[in-house]
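Number of protein chains: 2
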Amino acid sequence: MKVKLTKNQQLVLDALTRAETPQTAYNLLDELREEGLRAPPQIYRALDKLLELELVHRLESLNAFVICAHDHHDQGFSAFSICEACGKVSEFSPQEVAGLLQGWAAKNNFVAKSTTIELRGHCIRCD
Amino acid sequence: MKVKLTKNQQLVLDALTRAETPQTAYNLLDELREEGLRAPPQIYRALDKLLELELVHRLESLNAFVICAHDHHDQGFSAFSICEACGKVSEFSPQEVAGLLQGWAAKNNFVAKSTTIELRGHCIRCD
DNA sequence: ACGAATTGTGTTATGTTATTACATATGCTA
DNA sequence: TAGCATATGTAATAACATAACACAATTCGT
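Below, the structure is given as structure tokens:
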């Protein structure tokens, strides 16, 4: 399951690893211009691959991307809290929530391929 | 709590009521051109108001809008399943999920102002 | 009924996010 | 080493969203 990343993929992954907060594709493009990246598709293509490998996550409510925080992979399920003041994101893996949503889906004849859970609000430091 | 909608707000609400599937702002603009709407701000302003009144919901993973399905208002919490084949959306209100997420937030010193839950997948008819 | 304040409208322009299309390059594998 | 799949670079464009400004309609207090 080990995969060797290409140069652009590694550049984008590193940029997201350095970032304290979610980055948009255009943030990343600006950040990586000096590394030779010039156009949006270079960023989006790298992001697509990293998303597929689940090394990064997309935050739908921000149109932005974050590095995957930990080894939730087995659980295939992440939720995020997003502080609207400082921008910091926490990733967590609420198994019971997954179960409940799965239960709803089963009852309602829906097959979920992916689930987005994002809490917007304030962390304690920003209250 | 009864509010009289303005002409543009009513036009947008009606268009979303007629729609079987989520509509983007530009879909709505096209739909409502013959009613005299010409520019994006007219749509977005109406949508902002309707969102504030919770008569419509925004689907973050689609950048699109749906009519609010029922009286979840008291519960202040909605989740959505989105069929990627037919586009149909179901809205539901998983109270226990709300409780679990609230519990996580409390433990982690996070104050959630709003929560997005969206399941992407296939409904039974599209399997 | 009046004027002030608030809310909504119409419009142009622009900002932001994402994709299409196509030509070239790189690396794997038979 | 030829062929194929994957990745790259680039320009152009599509799709989603907001800023700014002038004016109109509505609401509210007196």
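In order, the protein sequences belong to chains C and V. Residue numbers for the first sequence follow numbering that gives the first Met the number 0, so the first one is 0 and each next one is one higher. Residue numbers for the second sequence follow numbering that gives the first Met the number 0, so the first one is 0 and each next one is one higher. Idealized CB from N, CA, C, for every residue including glycine.
Residue-level contact to chain V via CB, Val55 (chain C), 8 Å cutoff:
no
Beta-carbon proximity list for Thr115 (chain C), same chain, < 7 Å, skipping 5 on both sides
Glu59
Could you check whether the segment 76 to 95 of chain V touches the segment 72 to 91 of chain C, counting it as contact only if at least three pairs of C-beta atoms, one from each stretch, sit closer than 8 Å?
no
CB contact below 8 Å: Pro40 (chain C) versus chain V:
no
Tell me which residues of the segment 106 to 117 of chain V have at least one Cβ-Cβ distance to chain C shorter than 7 Å, keeping chain order.
Asn107, Asn108, Phe109, Val110, Ala111, Lys112, Ser113, Thr114, Thr115, Ile116, Glu117
Which residues in chain C sit within 9 Å of Asp126 (chain V), going by Cβ to Cβ distance?
Asn108, Val110
Taking 7 Å as the limit between beta carbons, can you name the residues of its chain near Gln41 (chain C), skipping five residues before and five after?
Asn7
Measuring CA to CA, which of V:Ala78, V:Leu61, V:Val11 is closest to Tyr43 (chain V)?
V:Val11
Going by beta carbon distance, what residues of the same chain come within less than 7 Å of Thr23 (chain C), once the five residues before and after it are set aside?
Asn62, Ala63
With DSSP run on the structure shown, which of helix, strand or coil describes Arg44 (chain C)?
helix
Same chain only: Cβ atoms within 7 Å of Lys48 (chain V), ignoring 5 sequence neighbours per side
Gln8
Run of the alpha helix (DSSP H) containing Ala63 (chain V), from where it starts to where it stops:
Ala63 (chain V) -> not in any alpha helix (DSSP H); beta strand (DSSP E) instead, spanning 63 to 66.
Specify the secondary structure class of Val88 (chain C) as computed by DSSP and reduced to three states.
strand
Near Glu33 (chain V), which residues of its chain fall below 6 Å by C-beta distance, leaving aside the five closest residues on each side in sequence?
none
Scan the segment 67 to 98 of chain V for residues whose Cβ lies nearer than 8 Å to a Cβ of chain C and list them as they occur along the chain.
Ala78, Ser80, Cys82, Glu83, Ser89, Phe91, Pro93, Glu95, Val96
Do Cys122 (chain C) and Asn108 (chain V) come within 8 Å of each other at the CB atom, strictly closer than that value?
yes
Is DSSP giving Lys6 (chain V) helix, strand or coil here?
helix
Option in V:Ala104, V:Leu118, V:Ser113, V:Ala105 with minimal Cα separation from Ala130 (chain C):
Residue numbering for chain C in the displayed model covers 0 to 126; residue 130 (chain C) lies beyond these limits and cannot be assessed.
Same chain only: Cβ atoms within 8 Å of Ala14 (chain C), ignoring 5 sequence neighbours per side:
Gln22, Leu27, Glu30, Leu31
Using a Cβ-Cβ distance cut-off of 8 Å, determine whether Leu46 (chain V) contacts chain C.
no
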